[in-house]
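Q: Quick note, the numbering used here runs 31 ahead of the 1-based positions in the sequence shown.
Don't be surprised by glycine CBs; every beta carbon is placed ideally from N, CA and C.
These figures come from a predicted structure and were not determined experimentally.
Quick one: the structure is below, and I'll ask about it shortly.
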Amino acid sequence: MTYEVRVLGVADADAYRRVRLAALRLHPDAFGSAYEDEAVLDRAQFAERLTAANFTRYGGFAAGDLVGLAGLQIRTGAKECHKARLFSMYVDAAHRGGGLAQQLIAAVIAGAREAGALLVQLSVAAGNTPAQLLYRRMGFTVYGVERRSLRVGGRFHDEELMVLDLD
Ligand SMILES: CC(C)(COP(=O)(O)OP(=O)(O)OC[C@H]1O[C@@H](n2cnc3c(N)ncnc32)[C@H](O)[C@@H]1OP(=O)(O)O)[C@@H](O)C(=O)NCCC(=O)NCCS
């Protein structure tokens, strides 16, 4: 299977909402955001995200269907605008293992470089082995651990903080 990766626009809002909500519902331990917080948002609110300044959402498409997501945030302010953040990484279960996550991360890194960022940061739940291996494979290294970063259903999860230098 070959995948197309491109920046999502307002016209993708319905597909973006569907895939994002599936990600949050199926993987509550993997994301800082909660399904119940985003399920109440309508199409227009998801569309707004796709035009937000300093945020870019990339989509991975299989035969025209949106099946993967990755977000890029460029920090603002004179002292932090050298930093970018990778977030919201997701590939539909039926399309895993085919390199789509790597393609999405490559697009995020290219976008960060284009915006002049010098490093990309992310956080990943400490027990999420596929994602931890993915980020290591893409060159990210661990620079810290945020203890008890997320609380899901009464259980705490630590998060690894990772970084990739671009310079
Ligand atoms: C993590 C995730 C995005 C990986 O997507 P993917 O498209 O299957 O990943 P790729 O096929 O591009 O794999 C790239 C590399 O990641 C690592 N990897 C991915 N899935 C893995 C798995 N199940 N076991 C071990 N390593 C894995 C490997 O190093 C792999 O490279 P390789 O195939 O050359 O060994 C996907 O499993 C997912 O969406 N999981 C649920 C949501 C989630 O955890 N998101 C991350 C939040 S931080």
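Going by beta-carbon coordinates alone, are residue 39 and residue 81 separated by less than 7 Å?
A: Cβ distance < 7 Å, so residue 39 and residue 81 count as in contact.
Q: On the criterion of 16 or more Cβ atoms from any shown chain inside 10 Å, does residue 134 qualify as buried, or is it exposed?
A: That one is buried.
Q: Taking DSSP as the reference, what is the three-state secondary structure of residue 62?
A: Of the three classes helix, strand and coil, the one that applies to residue 62 here is coil, per DSSP.
Q: Look up residue 94 in the DSSP assignment and say whether it is helix, strand or coil.
A: Looking at residue 94 - three-state DSSP - the assignment turns out to be coil, as it is neither helix nor strand.
Q: I'd like to confirm the pairing. Which residues does DSSP put opposite residue 36 in its beta bridges?
A: Answer by DSSP bridge pairing, in chain order: 91.
Q: Within 10 Å of its beta-carbon, does residue 195 have 16 or more other beta-carbons around it, so buried, or fewer, so exposed?
A: Residue 195 comes out buried.
Q: Mapping DSSP to helix, strand and coil, what is residue 107?
A: Note: residue 107 maps to coil in three-state DSSP.
Q: With DSSP run on the structure shown, which of helix, strand or coil describes residue 84?
A: Correct three-state label for residue 84: coil.
Q: Helix or strand or just coil, what does DSSP make of residue 50?
A: It is helical.
Q: Any heavy atom of ligand 1 closer than 6 Å to the CB of residue 155?
A: It does: the Cβ of residue 155 is within 6 Å (strictly closer) of some heavy atom of ligand 1.
Q: Once the 5 residues before and after residue 187 are set aside, which same chain residues still bring their CB inside 6 Å of it?
A: Around residue 187: 179.
Q: Grouping DSSP H, G and I as helix and E and B as strand, with all else coil, what is residue 192?
A: Correct three-state label for residue 192: strand.
Q: Is the distance from the Cβ of residue 58 to the Cβ of residue 93 below 7 Å?
A: No, the pair does not count as a contact, with Cβ atoms beyond the cut-off.
Q: Identify whether residue 77 lies in helix, strand or coil by the three-state DSSP scheme.
A: Correct three-state label for residue 77: helix.
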